[in-house]
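Residue numbering for the sequence shown follows the numbering used here, beginning at 950 and increasing consecutively. Idealized CB from N, CA, C, for every residue including glycine. In this text the structure is predicted, and so the values were computed from the model without any measurement.
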Amino acid sequence: MKQVILITSLWCPSCLIMRPKYEKLFKEVNIDIIEYDYDEDIEIVKKYNIGKILPVLIIKEGGLEVARVIGEKKKKELKKLMEEFNNG
């Protein structure tokens, strides 16, 4: 089973742009996003070795990380991600 983790922060302009885009994309394929705050969820940030560039989207399957998307992305890149997500 695939799991989607999104790490964002209120101070991150790219997060404010990307969050609704990610939510819309994954809603279309009925996948819930588990969202964490960079400043509040310190253990998660450490566990996934998250740097200062946000947002970070992690896709896991069978407990293993299979993809990671860092920072702001264009629509074309997101479409490719969704195609890979649906086919994988």
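Residue range of the alpha helix (DSSP H) that includes E984: Where E984 is concerned, there is no enclosing alpha helix (DSSP H), although the beta strand (DSSP E) it sits in stretches over 982-986.
Is K1022 helix, strand or coil by DSSP? coil
Which same chain residues, not among the five before or five after I982, have their C-beta less than 7 Å away from its C-beta? V953, L955, Y971, E972, F975
Is the Cβ-Cβ distance between S963 and L1006 less than 8 Å? no
Backbone CA spacing between D988 and S958 [nearest angstrom]: 7 Å
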